[in-house]
Amino acid sequence: MASERLYHDDPYTTSFRARIAASGEHAGRPAVELEATCFYPEGGGQLGDRGTLGGARVVDVQVTEEGRIWHVLDGADAPSGEVDAELDWARRFDHMQQHTGQHVLSAAFERLVDAPTLSSTLGEERSVIEVALAGADWQLVGRVEEAANRVVWEDRPVALHWVEPEDVGRFQLRKAPAVAGRIRVVEIPDWDASACGGTHVRRSGEVGSIKVIRWEKVRGNVRFEFLCGARALHDHAWRTEALVEAARRRTLKDRDVIAQLERAAAERDELRKGLAALTARLIETEARERVGVPPQGVAGFDARRPREEVRLLALKSLEAGAPWVALGAAGPDPCLMVGRAKPLAADLRTLLPGLLERAQGKGGGSPDLVQVAALDGGKAEEAWRWAVEAVRQAVGES
Ligand SMILES: [Zn+2]
């Protein structure tokens with residue numbers, strides 16, 4: 524039998540006497556059904572309640588297609604008979620704020636920019652509405668927020684109506700009802716009327732505030748993430764702290780932080796470019812010195828040298844006339860490279876099995892240059908030692 528839903532007409536009751544109607548399981552966890560319950564089961568984009576039943580903790584509340592509401596328990600002995608029930612009110616009130624705020628915000632999007640809400644999800648930490656809009660910017664969001672919050676400040680009543688199908692026309696519903704038969708209409712006068720089975724605050728002022736914090740385009744619509752009530756305050760708190768601290772540490776005005784970040788990033792990019800050019804010149808000089816006159820093969824292993832530099836040194840050495848190179852580094856990326864001058868015919872890929880076996884890594888390359896990423900610095904060095912002899916043999920030096 525379907526459980527009676529007391530929260531429909533009174534979402535403010537936090538404790539009640541509960542009569543257990545049935546004990547069973549829901550999705551493999553112990554659960555009980557009550558004759559009548561104040562616990563909201565997950566549905567309509569709103570999460571289920573938590574609380575206690577007798578001594579047992581209610582960790583989830585779910586409703587079946589037949590309307591049976593299962594209070595999922597944390598595994599303790601299932602209560603029976605009549606017990607005291609207590610809702611986690613902080614959690615429920617938070618959901619009521621988010622849910623009512625969602626109605627107000629969705630109506631604002633519809634009234635200001637003619638953009639209907641296609642779906643909504645009220646999560647543990649963040650809530651989202653998907654709105655039929657091509658795009659958004661902070662200015663549009665600001666206008667919508669301003670209008671929505673004005674409805675909050677006006678502290679309008681949030682009225683509940685049970686409406687027979689033939690009377691539904693009395694209300695200008697924002698969205699056609701999803702269920703047939705008698706429906707529950709949640710009305711904020713001169714602002715919004717929605718068919719909804721969720722829990723809401725009794726006056727819009729209790730929503731506290733409504734703040735959109737980000738948005739993204741999805742499926743040709745825009746999905747807005749928003750916070751209401753205490754969530755909005757807590758979000759405001761850490762964002763303010765982050766911005767004010769960032770500005771204070773760099774001795775800036777709050778409003779200059781973004782411009783300063785951009786400047787710093789541009790400067791860093793310029794420095795990186797300059798450093799790369801300088802490194803390339805140094806490596807070219809190093810390559811010429813190592814190759815010498817007449818040109819010799821180049822063997823070298825560094826404790827620390829970025830892979831890109833090892834590669835550049837190998838290429839520049841070959842360019843400077845080295846008949847062969849065998850270079851490596853223990854870190855930061857343990858690696859080695861073996862190359863030979865183009866006119867020589869040896870196919871260095873024949874060295875790969877021997878290199879990979881010693882380096883215990885991955886590698887590949889062309890007939891004139893092979894590269895290997897080693898398991899660690901020790902393996903890289905071991906493979907490199909072997910490579911020096913192997914490449915000399917390959918090019919016919921020994
Ligand atoms: Zn609702």
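In our numbering, the protein residues as written are 524 to 921. A virtual CB, placed ideally from N, CA and C, is assigned to each residue, including glycine.
- For the pair A882 and D792, the Cα-to-Cα distance works out to about 35 Å.
- Here the alpha carbons of K734 and V654 stand approximately 16 Å from one another.
- Taking 9 Å as the cut-off, the Cβ atoms of R614 and D572 count as close.
- The Cβ atoms of G568 and G721 lie closer than 9 Å to each other.
- The secondary-structure analysis by DSSP pairs M860 across a beta bridge with L850, Q894.
- Under the three-state reduction of DSSP output, V702 falls in the coil class, being neither helix nor strand.
- Contact annotation: V667 and L635 have beta-carbon atoms nearer than 9 Å.
- Less than 9 Å divides the Cβ of P553 from the Cβ of A601.
- Around the Cβ of I781, a 10 Å sphere holds fewer than 16 other Cβ atoms; the residue is exposed.
- Here A631 has V667, A670, A671 as same chain residues with Cβ atoms under 6 Å from its own Cβ, once five neighbours each way along the sequence are excluded.
- For ligand 1, no non-hydrogen atom lies closer than 8 Å to the CB of H618.
- For S629, the uninterrupted alpha helix (DSSP H) segment begins and ends at 612 to 636.
- Short note on C719: C-beta closer than 8 Å to some heavy atom of ligand 1.
- Note on the stretch 740 to 788: whole alpha helix (DSSP H) runs with a minimum of 4 residues are 752 to 772, in chain order.
- Listed in chain order, the non-local C-beta contacts of W714 below 6 Å within the same chain comprise A630, V674, local neighbours out to five positions each way being set aside.
- A852 and A837 have their C-alpha atoms spaced approximately 12 Å apart.
- As a beta-bridge residue in DSSP terms, K734 pairs with L750.
- Counting of Cβ neighbours within 10 angstroms places W761 among the exposed residues, the total staying below 16.
- For D532, the number of other beta carbons within 10 angstroms of its own is below 16, and it is reported as exposed.
- Three or more Cβ pairs closer than 8 Å define a contact, and the stretch 865 to 882 falls short of that threshold against the stretch 805 to 821.
- The beta-carbon distance between A843 and P818, rounded to whole angstroms, is 7 Å. This is short enough to meet the 8 Å contact definition.
- Nearest Cα to P866 within the set D891, P688, C858: D891.
- With fewer than 16 other Cβ atoms inside 10 Å of its own Cβ, R773 counts as exposed.
- When secondary structure is reduced to three states using DSSP, Q695 falls in the coil class, being assigned neither helix nor strand.
- The beta carbons of D611 and G752 sit no closer together than 9 Å.
- Using a Cβ-Cβ distance cut-off of 8 Å, the stretch 812 to 832 and the stretch 909 to 920 are in contact, since at least three pairs of beta carbons, one from each stretch, lie closer than that value.
- Each of V651, V833, G919 was checked against the Cα of A803, and the nearest Cα belongs to V833.
- Annotation for V914: the continuous alpha helix (DSSP H) segment containing it runs 900 to 917.
- Distances between the C-beta of G566 and the heavy atoms of ligand 1 are all 8 Å or more.
- Ligand 1 approaches H622 closely enough that one of its heavy atoms is under 8 Å from the residue's Cβ.
- E556 is the residue among V606, T537, G877, E556 whose C-alpha sits nearest the C-alpha of G590.
- Only residues of its own chain outside the window of five on either side were considered, and among them T644, R746, E748 have a CB closer than 6 Å to the CB of V651, listed in chain order.
- Distances taken from the Cβ of H531 to the heavy atoms of ligand 1 include none shorter than 8 Å.
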